[in-house]
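Undergrad:
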Amino acid sequence: MIKSKDPSDATERLRAIDPGCSFIVQAPAGSGKTGLLIQRYLRLLVCVNEPEEIVAITFTRKAAAEMRERIVKALDAATGADHPGNAFDKLTYELATAVILHDQRSGWKLVENPMRLRIQTIDALCASLTHQMPVLSKFGSQPEVSDTVHKLYREAARATIALLDQDSDVANDVAILLEHLDNDIARIESLLASMLARRDHWLRHIHGKRKTRDELEASLRSIRNKKVAQLHRLLPDEVHQELLALLRYAAANLTAEQKTSVLVSCDGLESLPNNVDQCCGIAELLLKTDGQWRDRVDARQGFPAGKTKIEKETAGAWKERFLKLLDRLKSNQPLQRLLCDIRSLPPPAYNEAQWKILGTITRLLPLAVAQLKIIFQMTGQVDFTEIMQSALAALGESEKPTDLALALDYRIKHILVDEFQDTSISQYRLIEKLIAGWEPGDGRSLFAVGDPMQSIYRFREAEVGLFLQARQTGIGHIDLHPITLRSNFRSQRGIVDWVNDTFKQIMPVTEDVTVGAVTYAPARAMHDALENAAVTVHPAFENDRVAEAEKVLEVIVRARQSYPADSIAVLVRNRSHLSEIVASFQSYGLRFHAVDIDALSQKTVVQDLLMLTRALLDPADRLAWLAILRAPWCGLQLDDLQALVSIQAVQSGLQSEQQPQTILELINEKEAYPYLSCDGAKRLKVIAKLLTQCINNRYKQSLRATVEAVWLTLGGPGCVEIQHRMNLISENQILQFKPEKLKTGTLNDAMVYLDYLEAHECACNITDWDEFEAGLSRLFAAPDSEAGDCLQIMTIHKAKGLEFDTVLLPGLGYSSRNNERQLLRWMEQPRQTQQPDAGQNSISTSDVDLFLAPIQRSGKENDAINSWLESLEREKEEYEVERLLYVAATRAKKYLHLFGHVSVNEQNTKSGQSIPLQPRAGSLLNRLWPAVGDIYINAAGHSKADSTESLKRRVESEVKINIDQSIIRLESGWQLPEAPARIDWQSTEDTGETESTVEFSWAGEIAKRVGSVVHRWLQQIAEDKLQGWTVHRIYTLRKKIINGLLMKGINKENDVLEQAVERVVIALINSITDKRGQWILGEQLDAQNELKLTRTINGKAAEFVIDRTFCDDHGVRWIIDYKTSSHEGSGLEEFLDREQERYTYQLNSYAALFQKLEKRPTCLGLYFPMMPGWRTWVYSGNNS
278 MIKSKDPSDA TERLRAIDPG CSFIVQAPAG SGKTGLLIQR YLRLLVCVNE
328 PEEIVAITFT RKAAAEMRER IVKALDAATG ADHPGNAFDK LTYELATAVI
378 LHDQRSGWKL VENPMRLRIQ TIDALCASLT HQMPVLSKFG SQPEVSDTVH
428 KLYREAARAT IALLDQDSDV ANDVAILLEH LDNDIARIES LLASMLARRD
478 HWLRHIHGKR KTRDELEASL RSIRNKKVAQ LHRLLPDEVH QELLALLRYA
528 AANLTAEQKT SVLVSCDGLE SLPNNVDQCC GIAELLLKTD GQWRDRVDAR
578 QGFPAGKTKI EKETAGAWKE RFLKLLDRLK SNQPLQRLLC DIRSLPPPAY
628 NEAQWKILGT ITRLLPLAVA QLKIIFQMTG QVDFTEIMQS ALAALGESEK
678 PTDLALALDY RIKHILVDEF QDTSISQYRL IEKLIAGWEP GDGRSLFAVG
728 DPMQSIYRFR EAEVGLFLQA RQTGIGHIDL HPITLRSNFR SQRGIVDWVN
778 DTFKQIMPVT EDVTVGAVTY APARAMHDAL ENAAVTVHPA FENDRVAEAE
828 KVLEVIVRAR QSYPADSIAV LVRNRSHLSE IVASFQSYGL RFHAVDIDAL
878 SQKTVVQDLL MLTRALLDPA DRLAWLAILR APWCGLQLDD LQALVSIQAV
928 QSGLQSEQQP QTILELINEK EAYPYLSCDG AKRLKVIAKL LTQCINNRYK
978 QSLRATVEAV WLTLGGPGCV EIQHRMNLIS ENQILQFKPE KLKTGTLNDA
1028 MVYLDYLEAH ECACNITDWD EFEAGLSRLF AAPDSEAGDC LQIMTIHKAK
1078 GLEFDTVLLP GLGYSSRNNE RQLLRWMEQP RQTQQPDAGQ NSISTSDVDL
1128 FLAPIQRSGK ENDAINSWLE SLEREKEEYE VERLLYVAAT RAKKYLHLFG
1178 HVSVNEQNTK SGQSIPLQPR AGSLLNRLWP AVGDIYINAA GHSKADSTES
1228 LKRRVESEVK INIDQSIIRL ESGWQLPEAP ARIDWQSTED TGETESTVEF
1278 SWAGEIAKRV GSVVHRWLQQ IAEDKLQGWT VHRIYTLRKK IINGLLMKGI
1328 NKENDVLEQA VERVVIALIN SITDKRGQWI LGEQLDAQNE LKLTRTINGK
1378 AAEFVIDRTF CDDHGVRWII DYKTSSHEGS GLEEFLDREQ ERYTYQLNSY
1428 AALFQKLEKR PTCLGLYFPM MPGWRTWVYS GNNS
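Under my numbering, think of the first position of the sequence shown as 278, with each following residue one higher.
1. Using the rule of at least 16 other Cβ atoms within 10 Å of the residue's Cβ for burial, across every protein chain shown, is lysine 1171 buried or exposed?
2. Which stretch, first to last residue, makes up the alpha helix (DSSP H) that contains phenylalanine 862?
3. Closer than 8 Å is the cut-off here; do at least three beta carbon pairs connect the segment 1149-1164 with the segment 481-488?
4. Any C-beta of chain E sitting closer than 9 Å to the C-beta of glutamine 654?
5. Kindly indicate the opening and closing residues of the beta strand (DSSP E) around phenylalanine 1176.
6. Measure the Cβ-Cβ separation of serine 1289 and arginine 1340 and say whether it is below 9 Å.
7. By the three-class DSSP mapping on this structure, what secondary structure does threonine 791 have?
8. Taking buried to mean at least 16 other C-beta atoms within 10 Å of its own C-beta, is proline 1196 buried or exposed?
9. For glycine 1065, which of Val302, Leu867, Ser299 and Ile1283 has the nearest alpha-carbon?
10. Given a cut-off of 9 Å on the beta-carbon distance, is the pair alanine 668 and leucine 707 in contact?
11. By DSSP, does methionine 234 sit in helix, in strand, or in coil?
12. Once DSSP output is grouped into helix, strand and coil, what is the label at isoleucine 1502?
13. Which runs of the alpha helix (DSSP H) at least 4 residues long sit entirely within the segment 351-416? Give them in chain order.
14. Looking at the unbroken beta strand (DSSP E) that takes in arginine 767, where does it start and where does it end?
15. Just the C-alpha distance for lysine 1077 and arginine 510, rounded to the nearest angstrom, thanks.
16. Who are the near neighbours of asparagine 777 in its chain, counting only those whose CB is closer than 7 Å to its CB and skipping five residues on each side?
17. Run the CB neighbour count on glutamate 1105, radius 10 Å, all protein chains shown included, and call it buried at 16 or more, exposed below.
18. For glutamine 578, which of Pro611, Thr761, Ile587 and Cys543 has the nearest alpha-carbon?
19. Just to confirm my understanding: we take leucine 889, look at its own chain, exclude 5 residues before and 5 after, and list those with CB closer than 7 Å. What are they?
20. For threonine 335, which three-state DSSP category applies?
21. Helix, strand or coil for lysine 1369, going by three-state DSSP, please let me know.
22. Determine the extent of the beta strand (DSSP E) in which aspartate 1126 is found, giving its start and end residues.
23. Buried or exposed, going by whether 16 or more other CB atoms sit within 10 Å of the CB of methionine 1028?
24. Touch check for the segment 848-865 and the segment 881-901: three-plus C-beta pairs under 8 Å?
25. Under 8 Å Cβ to Cβ from glutamate 1235, same chain only, skipping five residues before and after it: list those, please.
26. Under 9 Å between the Cβ atoms of isoleucine 438 and valine 451?
27. What residues in its chain sit with their C-beta under 7 Å from that of isoleucine 689, if we drop five residues either side in the sequence?
28. Rounding to the nearest angstrom, what Cα-Cα distance links glycine 558 and glutamate 515 in this structure?
29. Can you tell me which residues form a DSSP beta bridge with cysteine 1067?
30. Quick one: is valine 786 buried, meaning 16 or more other Cβ sit within 10 Å of its Cβ, or exposed?
31. So arginine 501 and proline 625 are supposed to be a Cβ contact under 8 Å. How far apart are they, rounded?
32. Using only the alpha-carbon positions, how far apart do proline 841 and isoleucine 1073 sit?
33. Return yes when at least one heavy atom of the ligand FMN lies under 8 Å from the C-beta of threonine 356, else no.
34. In the DSSP output, what is leucine 1441 paired with across the bridge?
35. Under three-state DSSP, which class holds glutamate 421?
36. Who pairs with histidine 870 in a beta bridge, going by DSSP?
Written out as structure tokens, the structure reads:
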């Protein structure tokens, strides 16, 4: 790719960093959005007295870390001698140089103290606001954000339903809702829980001063009138009379024939209608049932064929007039969509049944929120929505700002918001409150940047309409000057041109804030076109996932042969579209990096471990016990399993009243073995003894330790590799194997499960299996660590913000699932006319129309208002699907490949050639069809041959399914290998003491176990980069700390347990409040925790675990070890010096390992959280 040109929008980019103005910037894919943000941030730094006066808000920690890192790098580069060549880097260098000078004058030392740059996620900002105003935020102290918040929603829903038992009006409301939904309690619980997750959207509409029935019905009438007015505007003046003539003709014919049709209402119409029914008549005349333009009319639409010659000539003339009118209107996409909208408009009023259930639901939902708040208080846990709502409460209202709001108004001078198109309603309100006291021209600025064409997070409550509204009217009292960037620095010209041509056809022509309709903004390529086609469409005419996977593999293999160093990405809409593709890669031996693709719970090794866990915890769980007897470590055949479970019935003479024995009891009965095959009996004897011992000793160690020990002893790790070496075998064949090679990724999956088990066990048990398995289902298998980044697989959502040389988009022909029903639907739209005294840049409750609709009654026809609101939701989804396609296509730098299937109609033409049918509704290909449909039509002639090959492949794939019926097991008589000999550290240097002797040598086993728990929590705090960690949160961890200590072996009855808990709490509090601890645990570059490294010492492998390592802003590698030593009395400095002396060799050994991996200066440190204390030194081998 040749060197990029200077951007044609350079003037706009320079204007965007003007600190005296507020802007909203649309930055399409590849336009250099982050670079622009960095430049504006640098420009603002020279305008403020303190760096904290600038607040940059992002939506992810990764984005915040990247922004801070790039700013620090820019400041570092400004102190160097190298001057950049291109215009962008030159401007960044000049801005950074100005900041360095201002920094020196002000004494900020930003390079040494980058945490003074207030770049944070919006969640972190909310948490800091609630922390500063605990009373007004109604938290009192900082709660913990729950990892299992859905469980809390369900608890609140159940508590709400339980109000049925009270003698009050509330009980009557619960009873009405139950009767409305056919007494389906489980469904009501699910619906309430779903509503609670989105309470920030609807609560403001039904809590406090509610809309009256008259007001809500006025909104219904308003939207009907609004659509009629839009129809008058969109119908061209030159077609009015012809359209009216056709309407009168059709209506008169239908009336004469006494036909039932909405067109009848247009009989005698002399001017464009002003009521919805007659407008529906226009829609009926012009559109088919599916919303497409008609291509012909007949007697059903009031255009009879005629009987006599004159009648036929007259009828033909009218039809000809209709088709000519249609030709003039067919290109009017907004008119077509409006006519579809008019067809689905709601009635002008609620009926009594609707109003009754609506009142019931709007009274119950606030009570459900109240129940949720009680549960939050009881558990000390909240969700992000609660933190957001509390932050809004802490800021007060614009008329009555709190002290915090006033203080922030004084301190914050400039706000930058990244990815503004993904803002939710609550986040938008937070920004409004932060700038409530700002006035135009007061020297403060708001800078919002994003791309509405890339808004794809509606499932996270993102509302792209807020971006469009802010661009039109500003935010609060602040006018935002709109800027649209045009230059594309990512993709070659061929891709940019294709994207421009395609999405100009796909995306709407006009914006609509209400439904999130975003128009396309074309881009200009900064890179020339390459050889070969930039975009390739691979048509398919059968729903054959295997064939598509093979084609994807073929394209990738060719791409890697042609461009070995290029990056390739396979992007899909849903993970379910990847199973055949992953299988084809694995069978070919293609290594790939899969990001959050493989569900951990679907991994065979995890399923085996889960069944083993359930069996060990419950001897009566027959399914789990049968599963572990069928698992590879035992591998009983089905006949043996059947014989085993039938033994009791045979022995007791089928006496049904006898209590059934557990599987554990059966396998320990000698009488059972004669009923089994010789091989089965031999296998069962081995496993029975082991499992019985484990059951008896289960409470002597943690559950994780028990499960892991049993799994290892059974040969679990040796069973995993066979899954990856299976070839086609006949049904019922038994594959014997010896474990020779272990697959690291699969073993990592096992370790992830065991870690998850450890985090969720309570007193060696699982208290809530449903919640445990639900949480497990949300985890993903670790990607292949050895695959590299050259070939990646991920969802389109995960790929946002990334770029790859070649992008493949398979599965375009598959649709996604429909939306679930909601207990209450709501929508607000700007009213057609504003109040005379309404501010230009604000929308109050009197300026919007609110629409509410209850869920329809079980077993009844669709509720008209609910159906209309549901159709608007579908319209929003359709627009987002278009944006999802845009995101996917714009990830490609060099080449883009599209894969999708359609069905064909072979009966549709006289020539016999296959004609592709419209792609499945809801599929990405359906939205892409206007741009690629002709390619499919041209390729359809070869579909018959393809179909034959497809059928052959499907038959072959069905044969392969027989593999699943095979028994995969260890060979009979397999035994666990002996452990290798103990590895001794034999070094020529005098170590003084071995590491194991050094660690905890100052105390006994209790201190060792305390240290282990402290290490675990410090690892978690560091993984979180200190975000959300407060003293209160640590106190709320008390129960988990106790469980951790119990699992480490501290006796619950022992009086030292309380002391051990206090030591852990003190260590953690010291770590997060001590400035050195904050520096160690906070956000750092290339940070890793509990890093395992292996080195060879005297010919043998030894493993080291490094507590914390990272690189500072000067490029120095830090290696830090936590030491939970304690010291009483005086002489603290001498104690720390002695500790440094005894651990110096250990940390120097760590540094020596890193020196083999990288060449950079290294510093070593010991951190003592109990005191807190700190010792550091420079690694002596830095210059070697």
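Every residue gets a Cβ at the ideal spot worked out from N, C-alpha and C, and that includes glycine.
TA: Taking the geometry as given:
1. To locate residue 1171, count along the sequence shown from 1; it is residue 894. It is buried - the Cβ of lysine 1171 has at least 16 other Cβ atoms within 10 Å.
2. For the purposes of this step, residue 862 is taken as residue 585 along the sequence shown, with counting starting at 1. Phenylalanine 862 -> alpha helix (DSSP H) spans 856-865.
3. no
4. The chain inventory of the structure shown lacks chain E, comprising one protein chain alone.
5. Walking along the sequence shown from the start, residue 1176 turns up at place 899. Its beta strand (DSSP E) spans residues 1169-1178.
6. Sequence index remark: in the sequence shown, residue 1289 carries index 1012 (1-based). Sequence index remark: in the sequence shown, residue 1340 carries index 1063 (1-based). No.
7. Position 514 of the sequence shown, counted from the start, is the residue given in the question as residue 791. DSSP places threonine 791 in coil when its eight states are reduced to three.
8. As a position in the sequence shown, residue 1196 is number 919, starting the count at 1. Classification for proline 1196: buried.
9. Residue 1065 sits at position 788 when you count from the first residue of the sequence shown. Measuring from the Cα of glycine 1065, the nearest candidate turns out to be Leu867.
10. Locating residue 668 in the sequence shown gives position 391, where the first residue counts as 1. Locating residue 707 in the sequence shown gives position 430, where the first residue counts as 1. Taking 9 Å as the Cβ cut-off, alanine 668 and leucine 707 qualify as a contacting pair.
11. Absent from the structure is residue 234, since the part of the chain shown begins at 278 and ends at 1461.
12. It is not possible to answer for residue 1502, since the shown part of the chain is limited to 278 through 1461.
13. 364-383 and 399-409
14. On the sequence shown, position 490 is the one that residue 767 refers to. Note, arginine 767: beta strand (DSSP E), 764-769.
15. Looking up residue 1077 in the sequence shown gives position 800. Looking up residue 510 in the sequence shown gives position 233. Cα to Cα, lysine 1077 sits roughly 38 Å from arginine 510.
16. For the purposes of this step, residue 777 is taken as the residue at position 500 of the sequence shown. Here the set comprises Pro799 and Ala800.
17. Taking the sequence shown and counting its residues from 1, the one referred to as residue 1105 is at position 828. Buried, since its Cβ has 16 or more Cβ neighbours within 10 Å.
18. Within the sequence shown, numbered from 1, the residue matching residue 578 stands at position 301. In terms of CA proximity to glutamine 578, Cys543 leads the group Pro611, Thr761, Ile587 and Cys543.
19. Taking the first residue of the sequence shown as 1, we reach residue 889 at position 612. Hits under 7 Å: Ile905, Val984, Val987 and Trp988.
20. In the sequence shown, the residue the question calls residue 335 occupies position 58. The answer is strand: DSSP assigns threonine 335 an E or B state.
21. In the sequence shown, the residue the question calls residue 1369 occupies position 1092. Note: lysine 1369 maps to strand in three-state DSSP.
22. For this step, residue 1126 is matched to residue 849 along the sequence shown. Segment 1125-1131, the beta strand (DSSP E) holding aspartate 1126.
23. Stepping through the sequence shown from its first residue, residue 1028 is reached at position 751. With fewer than 16 Cβ atoms within 10 Å of its Cβ, methionine 1028 is classed as exposed.
24. no
25. Taking the first residue of the sequence shown as position 1, residue 1235 is located at position 958. Since pLDDT at glutamate 1235 reaches only 45, below the 50 mark, its modelled position is unreliable, and the value read off the structure follows with that caveat. Once the five neighbours on either side are set aside, glutamate 1235 has no close Cβ partner at all.
26. Here residue 438 refers to the residue found at position 161 of the sequence shown. Here residue 451 refers to the residue found at position 174 of the sequence shown. Yes, the pair counts as a contact, with Cβ atoms nearer than the cut-off.
27. Looking up residue 689 in the sequence shown gives position 412. Correct list, in chain order: Glu330, Val332 and Leu711.
28. Position 281 of the sequence shown, counted from the first residue, corresponds to residue 558. Position 238 of the sequence shown, counted from the first residue, corresponds to residue 515. Computed Cα separation, rounded: 19 Å.
29. Counted from its first residue, the sequence shown places residue 1067 at position 790. Its beta-bridge partners do not exist; DSSP assigns none.
30. For this step, residue 786 is matched to residue 509 along the sequence shown. The residue in question, valine 786, is exposed, as its Cβ has fewer than 16 Cβ neighbours within 10 Å.
31. Residue 501 sits at position 224 when you count from the first residue of the sequence shown. Residue 625 sits at position 348 when you count from the first residue of the sequence shown. The pair is a contact, with the Cβ atoms about 6 Å apart (cut-off 8 Å).
32. In the sequence shown, residue 841 corresponds to position 564, counting from 1. In the sequence shown, residue 1073 corresponds to position 796, counting from 1. So the alpha carbons of these two residues sit roughly 24 Å apart.
33. The ligand content of the structure shown is nil, which means the ligand FMN is not present either.
34. The residue you call residue 1441 lines up with position 1164 of the sequence shown. Partner(s): Ile1396 and Trp1454.
35. The residue you call residue 421 lines up with position 144 of the sequence shown. Reduced to three states, the DSSP call for glutamate 421 is strand.
36. To locate residue 870, count along the sequence shown from 1; it is residue 593. Paired residue(s): Gln1069.
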